[in-house]
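**Student:** Those sequence lines, one after another, are chains A and B.
Quick note: the first sequence uses my numbering, first residue 1, plus one each step.
Quick note: the second sequence uses my numbering, first residue 235, plus one each step.
Structure provided below as structure tokens; questions to follow.
Number of protein chains: 2
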Amino acid sequence: MEAFRDALPPGTGDALTADRLCAIGFCLHLAKGEELAPDPREDRLVYIAEGSAKLAAQPVADAPSGQVLAFHFGGDMISVLRQSDGDFRLVALSDCDLVVFPADRFLDIAQSDPAVLRSVLARSLQALHRSRTRMMQMGHKSAQQRIADFLVSMAERLANCTSGACAFALPMSRRDIGDSLGLTIETVSRQLTELREAGLVETEGRSKVCLSDVDALARLAGRQHSQAGATSKN
Amino acid sequence: MEAFRDALPPGTGDALTADRLCAIGFCLHLAKGEELAPDPREDRLVYIAEGSAKLAAQPVADAPSGQVLAFHFGGDMISVLRQSDGDFRLVALSDCDLVVFPADRFLDIAQSDPAVLRSVLARSLQALHRSRTRMMQMGHKSAQQRIADFLVSMAERLANCTSGACAFALPMSRRDIGDSLGLTIETVSRQLTELREAGLVETEGRSKVCLSDVDALARLAGRQHSQAGATSKN
DNA sequence: CGATCAATTGACTTAGCTCAAAGCATGTGG
DNA sequence: CCACATGCTTTGAGCTAAGTCAATTGATCG
């Protein structure tokens, strides 16, 4: 819970507001593979204090594990809106510590502190912008570009690396990667092999990857030297 | 300008706030094909009082006219964020009446009226949710499903029709449609032909379309009986 | 150490892209 | 008012990237 207080936008919001927000949130631990119990009655805001998770749609015919909307990691604040046709699911990719807020009450409180509300709004407008940029790219990009883009995003997110070389572990499976990019696991695997043969990526075991040249990957992904608006935090 | 006042969320926001918001906005008319002059200095919120427009990225190699992020129509409020790598462009598809606000000042004023701010936030969270749902679909959908989905969206947006039959005129070209769905004009055309042969769509001239069974199209698009979260306003 | 499930690799199929040509609207000038 | 020119749209014929099906390899955990 303390971690959440630190995550509030710096310089905005007073201590009182933070206290009141903490009062309505509850902490929750999810073990790897566990899922945040859906609540069809209300929208929720979830803060990920620690760990990694995927936001996925209910499984459908052509995506048995449920299509992946986004990946989220420690420090992210995400909104889990209830859907008319069934909730989206927040599934832990690794052990997770969460703080869950009812969206209505959270906003009621934030409303008394416009600075907080505005900063939440600014965040969500940015997120919308990123989501759109991403969507646009999705429609026009090849499998290799998508994988390259994915790796660059993960490097930023997981290793805080936007340039040069870096190594980190991917918490999600190939299936999750494929489901998030609109590709099959086979294609994901093949593209990784190609990138490996091109000397851009090394892999070890199922999850460890090592990117030798993030800039080259970014170029491959078709990113126009944009360091802003690249991560996929909510 | 009066039209904008009506567009403020009903029941929220007082008259004073509306007055102050109107004071910082300026009206603008765009003729068909014209473009909102970009302003790299600040983000803007644009209200479309009348007409239709596309939000497109700067032209790149593989999309000469610029990739289309979204279509917008009368009544929409959209945010045009400046980009690190060049602005997105708002281009009129038909003659348009706009009201343009500097985002910062708009939010400064809205901040004094938390109800307005919150409603703008709620809108943008919804928009984010829709954008993500859409993005997810984009990755996994066939050309025919995308076209069907597009037609259903347009029926809702342009003819206020979510079921049964309806007819309307598409203000955008096949190229714009393709650019927004990640398809080529040829594929757009071919899929329309298939839908025509299936008896779901009739076309007349370049722009007029007649959908005989919106529900069937929605089913074809893979929409799970979701009437909520379907339009693509902001 | 072995069972099990994830990941890789291969062979084949197919949806959608590219290149190319022909048809139509729409608008303009005679 | 009609003819024509222009540019959108449609249609056709390959081609290629990615999906499908199937078999193998490899990793992880009890």
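Glycine residues also receive a C-beta, built at the ideal position from the N, C-alpha and C atoms.
1. Alpha carbon to alpha carbon, how far is A/G205 from B/I312? Give it in angstroms, no decimals.
2. Can you tell me whether DSSP reads A/C210 as helix, strand or coil?
3. Taking C-beta pairs closer than 9 Å, name the residues in chain B that A/A57 reaches, listed in chain order.
4. Who are the Cβ neighbours of B/I343 in its own chain at under 8 Å, not counting the five residues just before and after it?
5. For A/G139, which residues in chain B fall below 7 Å Cβ to Cβ?
6. If A/V99 sits next to A/A49, beta carbons under 8 Å apart, how far is it from one beta carbon to the other, in whole angstroms?
7. Do B/M372 and B/R380 have their C-beta atoms closer together than 9 Å?
8. Taking just the CA atoms, how far does B/L426 sit from B/A382?
9. Quick check: what's the CA-CA separation for B/A389 versus B/L315?
10. Let's test the definition: count the other Cβ atoms within 10 Å of the Cβ of A/F26 and tell me whether it reaches 16, buried, or not, exposed.
11. For a cutoff of 9 Å on Cβ pairs, would you count B/R409 as touching chain A?
12. Measuring CA to CA, which of B/K266, B/L385, B/D338 and B/V443 is closest to B/A450?
13. Could you tell me the alpha carbon to alpha carbon distance between A/T184 and A/E42, rounded to whole angstroms?
14. Compile a chain-ordered list of the residues in the stretch 342-361 of chain B whose CB is closer than 7 Å to at least one CB of chain A.
15. What does B/L332 pair with, by DSSP beta-bridge criteria?
16. If we define contact as Cβ-Cβ less than 9 Å, is A/T231 a contact residue for chain B?
17. For A/S79, name the three-state secondary structure that DSSP assigns.
18. Among A/C161, A/E202 and A/A92, which residue has its Cα nearest to the Cα of A/E35?
19. Give me the chain B residues within the contact set of A/Q67, using Cβ-Cβ distance strictly less than 9 Å, ordered along the chain.
20. Please report the straight-line C-alpha distance between B/V302 and A/A15, rounded to a whole angstrom.
21. List the residues that DSSP assigns as beta-bridge partners of A/L158.
22. Would you call the CB atoms of B/K266 and B/D410 closer than 9 Å?
**Tutor:** Checking against the coordinates, here is how it stands:
1. Rounded to the nearest whole angstrom, the C-alpha separation of B/I312 and A/G205 is 46 Å.
2. In the three-state reduction of the DSSP assignment, A/C210 falls in the strand class.
3. T367 and M370, listed in chain order.
4. Same-chain partners within the cutoff: T251, R254, L255 and I258.
5. What A/G139 touches in chain B: M372, L415 and G416.
6. Rounded, the Cβ-Cβ distance is 6 Å, consistent with contact.
7. Going by C-beta atoms, B/M372 is nearer than 9 Å to B/R380.
8. Cα-Cα distance, rounded: 9 Å.
9. Their Cα atoms are separated by approximately 28 Å.
10. Within 10 angstroms of the beta-carbon of A/F26 lie fewer than 16 other beta-carbons, which makes it exposed.
11. For B/R409, the answer is no, since every Cβ of chain A falls outside 9 Å of its Cβ.
12. That would be B/L385, whose Cα lies nearest to the Cα of B/A450.
13. Cα-Cα distance, rounded: 34 Å.
14. Listed in sequence order: Q345, P348, L351, R352, V354, L355, S358, L359 and A361.
15. B/L262 and B/I282.
16. A caution first: A/T231 carries a pLDDT of 41, below 50, which makes its placement in the model unreliable, though a value can still be read off. Chain B has no Cβ within less than 9 Å of the Cβ of A/T231.
17. In the three-state reduction of the DSSP assignment, A/S79 falls in the strand class.
18. The alpha carbon of A/E35 has as its nearest neighbour, out of A/C161, A/E202 and A/A92, the alpha carbon of A/A92.
19. M370, Q371, G373 and H374, listed in chain order.
20. When rounded, the distance between both Cα atoms is 43 Å.
21. Here A/L158 is not bridged, per DSSP, to any residue.
22. Contact: no.
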